[in-house]
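Scroll down for the structure; my scribbles are underneath it.
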Amino acid sequence: MKTLTVDIRKAQPEDAEGIADVHQHAWWGTYAGIIPHKSLTGMINRRGGKWWASAIRRSAFILVAEIGGDIVGYATLGRNRSRDLRQQGEIYELYLKPEYQGIGLGTRLFEAARLKLKSNGLVGLVVWALEENSGAMSFYAGAGGRDVAEGVELFEQKALRKVAFVWP
Ligand SMILES: CC(C)(COP(=O)(O)OP(=O)(O)OC[C@H]1O[C@@H](n2cnc3c(N)ncnc32)[C@H](O)[C@@H]1OP(=O)(O)O)[C@@H](O)C(=O)NCCC(=O)NCCS
54 MKTLTVDIRK
64 AQPEDAEGIA
74 DVHQHAWWGT
84 YAGIIPHKSL
94 TGMINRRGGK
104 WWASAIRRSA
114 FILVAEIGGD
124 IVGYATLGRN
134 RSRDLRQQGE
144 IYELYLKPEY
154 QGIGLGTRLF
164 EAARLKLKSN
174 GLVGLVVWAL
184 EENSGAMSFY
194 AGAGGRDVAE
204 GVELFEQKAL
214 RKVAFVWP
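The sequence shown maps to residues 54 to 221 in the working numbering.
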């Protein structure tokens, strides 16, 4: 029997197509029926391989989870963008391909992202999740996040509530 190992590492430009594929499938799986169709299609189509290659060149803060040579998940992170929260680090996105969800990979990618922020001197962490994304809400609460703030995202006049989870 072949044993496949999970590698969590910094993204390289040649990972761009793999990340674009994860992005497309994970976002459809997560947000279809929540984010209005036109907005969701627009956000997905905008971020093809070229977009990701350029993002990887500009940022040292994109991580990937790789199994047997395939990119199955990614995380983007950096400085907290919300002035109202004092945490310095933020995980902007954390997504796995649907067939790789629920087997502990999200926890590993989350911990790697948290460590990366910490080792870059960013103290404290914030993550925003849409309230209707029940999987993410359970995941972050289960990972010890404290929900401390709420906000609203507008998509084609549809207002979606979002929640900020923080870690010290
Ligand atoms: C959210 C996500 C990153 C979690 O990663 P994962 O590998 O699926 O989660 P894990 O297997 O590490 O699970 C850890 C815990 O999270 C919770 N959890 C994860 N997914 C869940 C879901 N869909 N529903 C309910 N609880 C869930 C469970 O409590 C689980 O604890 P358990 O092992 O005691 O059951 C992943 O499911 C994903 O990519 N989802 C779609 C994209 C998304 O919502 N990203 C976050 C955007 S803010």
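No residue lacks a Cβ here, since even glycine has one placed at the ideal position from N, Cα and C.
Near ligand 1: residue i beta-carbon under 6 angstroms from a heavy atom
i	result
N186	yes
A79	yes
G155	yes
Y148	yes
S135	no
S112	no
G159	yes
T56	no
S92	no
T129	no
S191	yes
A182	yes
Burial state of residue i (16 or more Cβ within 10 Å)
i	result
N133	buried
G142	buried
D60	exposed
I156	exposed
Among the options, nearest to residue i - alpha-carbon criterion
i	options	result
V117	K103, A85, G71	G71
D137	A69, G204, Q77, E67	G204
L57	N186, D68, G122	G122
E152	A128, A69, W81	W81
R167	V180, G157, I156	V180
K163	L207, W220, A202	The residue asked about is misnamed: residue 163 is Phe in this sequence, not Lys. Checked all of L207, W220, A202; the closest Cα to F163 is W220.
L178	G95, L170, E185	L170
Hey, which unbroken runs of the alpha helix (DSSP H) at 4 residues or more fall wholly within the stretch 124-208? Here the runs fully enclosed are 158-172, 187-195.
Count Cβ pairs between the stretch 67-85 and the stretch 103-114 that sit closer than 8 angstroms; are there 3 or more? Result yes; three or more Cβ-Cβ pairs closer than 8 angstroms.
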